[in-house]
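Numbering (full-length UniProt numbering), first residue to last: 1 to 309. Everything below concerns the one structure shown next.
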Amino acid sequence: MSETTHDATVAVSAPAAPDEGLAARELAAKYGLSVSGARPSLIEYVRQLWDRRHFILAFSRAKLTAQYSQAKLGQLWQVATPLLNAAVYFFIFGLLLEADRGMSREVYIPFLVTGVFVFTFTQSSVMAGVRAISGNLGLVRALHFPRASLPISFALQQLQQLLFSMIVLFAVTVGFGHYPDLSWLLIVPVLVLQFCFNTGLALIMARAGAKTPDLAQLMPFVMRTWMYASGVMFSIPIFLQDKPDWIANVLQWNPAAIYMDLMRFALIDDYSSKFLPDHVWAAAGGWAVLFALGGFVYFWKAEERYGRG
1 MSETTHDATV
11 AVSAPAAPDE
21 GLAARELAAK
31 YGLSVSGARP
41 SLIEYVRQLW
51 DRRHFILAFS
61 RAKLTAQYSQ
71 AKLGQLWQVA
81 TPLLNAAVYF
91 FIFGLLLEAD
101 RGMSREVYIP
111 FLVTGVFVFT
121 FTQSSVMAGV
131 RAISGNLGLV
141 RALHFPRASL
151 PISFALQQLQ
161 QLLFSMIVLF
171 AVTVGFGHYP
181 DLSWLLIVPV
191 LVLQFCFNTG
201 LALIMARAGA
211 KTPDLAQLMP
221 FVMRTWMYAS
231 GVMFSIPIFL
241 QDKPDWIANV
251 LQWNPAAIYM
261 DLMRFALIDD
271 YSSKFLPDHV
281 WAAAGGWAVL
291 FALGGFVYFW
301 KAEERYGRG
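Okay, structure coming up:
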């Protein structure tokens, strides 16, 4: 294309660019570009997580190893911390306040230790989930990976820590006359269901904590209230037998109480099904599925916003 100038010379103009006039969206579609950090589909997100399963496991192990690396007793604190908590609760609630309400020491001490260990599993998963994104912003901003890997790995870390603690729990249970039998096989499904519940809860708290980091300061008070309402130190049906039935029912049906009571039922000979709410296994499975799936979808919906702002 050419035109004549005022001095009779011929000027040649550049041809129009082939992309001239195209909108940004049209340019991206033409050259196969996609938005950086865009949220993948739910199925694709699950596939990405599966591809990074080795990273999730390795990250959880590294966090577990590093947790007490500066302490002289090292990994022994994994067991000593909940055991010391149980000793304090026994002194206050078992001796001073007599929260055992007629339970023999052979039953109440394994009852209390089981409750402390199992609830600590949920408590630690929640607290780790709150900081999963906000406490690892450097990693989130530097690398591209499904962000759900972080809260899932932290929940897995707490499961591994509980498995170490179970050695002491078994020793306490046997020491007070409750020996292994077929009911101990129930420990496996209880732990699987509680892990699913804890993971879903960690995912929910990770998204909430990413948006509101101050939530990490509030959660210890929430978890302490939940602990006192879940029957860690006392049997809900025995302790509340002179109260309206609906109060005991509400407290017994909360997931933390359900998983603790199922573990006690599996380990302690004299802790029979009369202490459990009706349809307890259905409730345990329902809580696990509801929080695992709901928490995963809830976290995934904000995938592209983590680490920004």
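Glycine included, C-beta positions come from ideal geometry on N, C-alpha and C. Being a predicted model, the structure only gives us computed values, none of them experimental.
In whole angstroms, give me the CA-to-CA distance for residue i and residue j.
| i | j | result |
| --- | --- | --- |
| PHE197 | ALA288 | 4 Å |
| ILE152 | SER104 | 39 Å |
| VAL113 | MET260 | 10 Å |
| MET223 | ALA256 | 11 Å |
| ASP181 | ALA38 | 52 Å |
| HIS295 | ALA202 | The sequence given here places Gly at residue 295; His does not occur at that position. Those two C-alpha atoms are separated by around 8 Å. |
| ALA229 | ASP245 | 15 Å |
| LEU219 | TRP50 | As written in the sequence, residue 219 is Met, which differs from the Leu given in the question. MET219 and TRP50: Cα-Cα distance of roughly 30 Å. |
| ASP242 | TYR89 | 23 Å |
| ALA87 | GLU44 | 47 Å |
| VAL107 | ILE236 | 15 Å |
| LYS301 | LEU143 | 19 Å |
| LYS63 | LEU293 | 25 Å |
| LYS211 | GLN67 | 25 Å |
| GLY138 | GLU303 | 16 Å |
| ILE247 | LEU240 | 8 Å |
| GLY115 | ILE268 | 12 Å |
| GLN252 | LEU262 | 11 Å |
Closer than 8 Å by C-beta to residue i: which residues in its own chain qualify, once you throw out the five before and the five after it? Chain order, please.
| i | result |
| --- | --- |
| LEU57 | SER153 and LEU156 |
| GLY285 | LEU193 |
| ARG141 | GLY307 |
Residue i and residue j: beta carbons closer than 9 Å?
| i | j | result |
| --- | --- | --- |
| PRO110 | HIS54 | no |
| GLY175 | PHE291 | no |
| PHE275 | SER183 | no |
| ASN249 | TRP226 | no |
| TRP126 | MET205 | Trp is not the amino acid found at residue 126; the sequence shown has Val there. For VAL126 and MET205, yes; Cβs fall inside 9 Å. |
| ARG52 | SER149 | yes |
Going by beta carbon distance, what residues of the same chain come within less than 7 Å of residue i, once the five residues before and after it are set aside?
| i | result |
| --- | --- |
| VAL168 | VAL79 and LEU83 |
| PHE117 | PRO82, LEU162, SER165 and LEU169 |
| LEU215 | VAL130, ALA208 and GLY209 |
| PRO189 | none |
Grab me the residues of residue i's own chain with a C-beta within less than 6 Å of its C-beta, minus the 5 sequence neighbours each way, in chain order.
| i | result |
| --- | --- |
| TRP281 | none |
| ILE187 | ALA266 |
| PHE59 | SER153 |
Unbroken alpha helix (DSSP H) runs of length 4 or more, entirely within the region 231-288: which are they?
Segments of the alpha helix (DSSP H) lying fully in the region 231-288: 236-239, 245-252 and 255-267.
Identify every run of the alpha helix (DSSP H) within the region 169-201, keeping only runs that are complete inside it and at least 4 residues long; order them along the chain.
DSSP runs (the alpha helix (DSSP H)) wholly in the region 169-201: none.
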